[in-house]
Amino acid sequence: MTNTTAPDTVAMNTGAPAAGAAATTLTETVMDLAADRDAWLPRVRLDPSDRWYERLHRDGDREIWLISWLPGQGTGLHDHGGSRGAFAVALGVLQERDLGAVRDVRPGEARAFGPEYLHEVRNVSSAPAISVHAYSPPLTSMNRYELVHGRPVRLATEDAGQW
Ligand SMILES: [Fe+2]
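Letter by letter, the sequence shown follows residues 14 to 176 in the working numbering.
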C-alpha cells in the first residue's frame, strides 16, 4: 500500500490516510463521508439520462466517488478491475445484487467487497438515492457482464476515463 502521489482532487475531508499512516478502511471512509451531509449535499446533481457521479478524491492508495441515482438508474453487472471497494448509502435506498443474493442498502449501511467481486447496483425505489464509493487501488478498468444461464459472461472492458 503506497500513498506517494498528491491528491488531484481534494475538496473535503475524505478520510484518506496520510502517507505512512495506518489505512483507514474503505468502509470507514464511505460511512464517514455518507454521514457528513454538509460535505456531499451541495455537490449532488441529478441527471435523468444516467447516474451522475463526481470523483471527490484520488491518491495513490484510493479514490472516492459520489454518485446520485434517480429511480430506475443502475450500473449493470460489473467488476472493479481488481480493485477492492466499499460503498455506503447517504440518502434513499439502493438495491445490490451479486451472484448469490439481493439486498437493500440504506443510509447508515455499507457494503465492502474484494478484488474479485461482481455486482450490480440499482435504485429500484421511487425516490432519488445518493451513495459514496471508495476503491483501492484507484480504478483502472472495469469489466461488464451479463448472466447467461446464471453464469457471468464478460461483455466489455472499460478503461478509466470511459465512465
Ligand atoms: Fe461496483
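A virtual CB, placed ideally from N, CA and C, is assigned to each residue, including glycine. Remember, it's a predicted structure, so these values are computed and weren't measured experimentally.
Distance, residue j Cα to residue i Cα
i       : j       : result
Ala-123 : Ala-48  : 11 Å
Pro-141 : Val-102 : 11 Å
Asp-92  : Asn-156 : 5 Å
Leu-104 : Pro-55  : 13 Å
Arg-1   : Glu-76  : The question about residue 1 has no answer here: the residues shown for the chain are numbered 14 through 176.
Leu-127 : Ser-139 : According to the sequence shown, residue 127 is Gly rather than Leu. C-alpha separation (whole angstroms): 30 Å.
Backbone secondary structure at residue i - three-state DSSP
i       : result
Leu-39  : helix
Pro-55  : helix
Asp-172 : strand
Asp-117 : strand
Ala-140 : coil
Arg-71  : strand
Arg-164 : strand
Asp-45  : helix
With 16 other Cβ atoms within 10 Å as the buried cut-off, status of residue i
i       : result
Ser-62  : exposed
Arg-116 : exposed
Arg-71  : buried
Val-134 : buried
Thr-170 : exposed
Leu-168 : exposed
Minimum C-alpha distance to residue i - residue among the options
i       : options                               : result
Phe-100 : Ser-149, Asp-72, Leu-168 and Asp-172  : Ser-149
Asp-172 : Leu-152, Pro-128, Glu-133 and Leu-59  : Leu-152
Arg-58  : Trp-78, Leu-39 and Arg-71             : Trp-78
Asn-136 : Ser-96, Tyr-130, Val-118 and Gly-98   : Val-118
Trp-65  : His-146, Ala-114 and Ala-169          : His-146
Pro-165 : His-132, Ser-144, Ile-143 and Ser-138 : His-132
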